[in-house]
Amino acid sequence: MNDMETRKLQQKESVYRKLYSSILQKHKGVLQQPEQPSSLSDVDDNVFDAEQQLLNRIFQTEVQNLLLGVGTTAFSFALLRTAKTRAMSSVFGEAKAKALVEANVRAKQVGTEGIQNRVAFFVESMFSVWVGYRSYDYASHHRSDASWDAVAEIPLCQGRSRISEALCPEWIETTKTHVPGPFWDALKNGKLRDQRTWTVIHDFSVNCERRLSMEEKLRRENSLSSDSPVVLPERISTATQ
């Protein structure tokens, strides 16, 4: 795949992403509202427990990452406000730090200190937010239980999966039919701009296929109709083809 072909595929990322966003939007009501007990009838109330536990872990990880980002933002802002000269010196050198001090003195002399302070406050705030976001992004990427990886594992859950039942058929169809093979080849070769997002999207689709295959096998073994819900007795192994 040459550079021109790669760029064309990269330009399609936003187009293909909208296909999956539309699936999520279509099933938003199902994903946001827990299933009512009356719809479970002959099924135990705990058939969704494994999925719920995984969702709780994803949520907890994201909250922890967010708190880390917020904490880093606050710390960075406080550091810049209380140790501005030292921070400037360590980052930009003593010459820049000295220039900052001299600029503050001149501002007081000509009466522009207020304007300069407001500008400095804005710059420091934006820099602190950026540092906080980078901390959140780093934590989300590198934690062993990163929520992005866990999202792709939802279809592997033991029991029933409300999310998988709602999304998997259309998700698989989109992956296999509406997104061309060369695009997934580019993902495999690390050529896409948003590698992490597309890896999750692709892995979710693969795991959906594993789940649907296992459900179909259990329906045959138990003489169930094609639309009967299936409760998986255990988590699906990623070695399952």
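In this note's numbering, the protein residues as written are 4 to 244. Just so it is clear, CB atoms sit at the ideal spot from N, CA and C, and this is done for glycine as well.
DSSP state of residue i mapped onto helix, strand, coil
i: E168; result: helix
i: G184; result: helix
i: L58; result: helix
i: L195; result: coil
i: L235; result: strand
Residue i to residue j span [Cα, whole Å]
i: S17; j: W187; result: 14 Å
i: K11; j: S25; result: 22 Å
i: A189; j: V203; result: 15 Å
i: S208; j: K29; result: 17 Å
i: G193; j: Q14; result: 15 Å
i: W151; j: S216; result: 24 Å
i: R20; j: V234; result: 31 Å
i: R223; j: P236; result: 15 Å
i: Q161; j: R238; result: 4 Å
i: S167; j: L221; result: 16 Å
i: V182; j: G32; result: 25 Å
i: V156; j: H205; result: One point to set straight first is that residue 156 is Glu, not Val, in the sequence displayed. Going from the Cα of E156 to the Cα of H205 covers about 11 Å.
i: L27; j: E176; result: 14 Å
i: T9; j: T180; result: 20 Å
i: W174; j: N225; result: 27 Å
i: P172; j: L22; result: 14 Å
i: L34; j: K191; result: 29 Å
i: V154; j: E212; result: 15 Å
Beta-bridge partners of residue i, as assigned by DSSP
i: R32; result: Note that residue 32 corresponds to Gly in the displayed sequence, not to Arg. In the DSSP output, where bridge partners are listed per residue, G32 has none listed.
Buried/exposed call for residue i, threshold 16 Cβ in 10 Å
i: R60; result: exposed
i: A242; result: exposed
i: N5; result: exposed
i: F51; result: buried
i: F62; result: exposed
i: N49; result: exposed
i: P158; result: buried
i: N210; result: buried
i: S164; result: buried
i: M7; result: exposed
i: E54; result: buried
i: Y136; result: With a pLDDT of only 46 at Y136, under 50, the local geometry of the prediction cannot be trusted, and the value read off the model is given with reservation. Exposed, because fewer than 16 other Cβ atoms sit within 10 Å of the Cβ of Y136.
i: R214; result: buried
i: E218; result: buried
i: S240; result: exposed
i: L170; result: buried
i: L57; result: buried
i: G72; result: Note that G72 scores a pLDDT of 45, beneath 50, so its modelled location is shaky and nothing firm can be said.
i: G184; result: exposed
i: T178; result: buried
Contact with chain D by residue i, beta-carbon distance below 8 Å
i: L12; result: Note that chain D does not occur in the displayed structure, where there is just one protein chain.
Heavy atom of the ligand ADP within 7 Å of residue i beta-carbon
i: W151; result: Among the components modelled here there is no ligand, and therefore nothing to report on the ligand ADP.
Given 8 Å as the limit, is there contact between the segment 221–230 and the segment 196–204, that is, 3 or more CB pairs closer than that?
-> no
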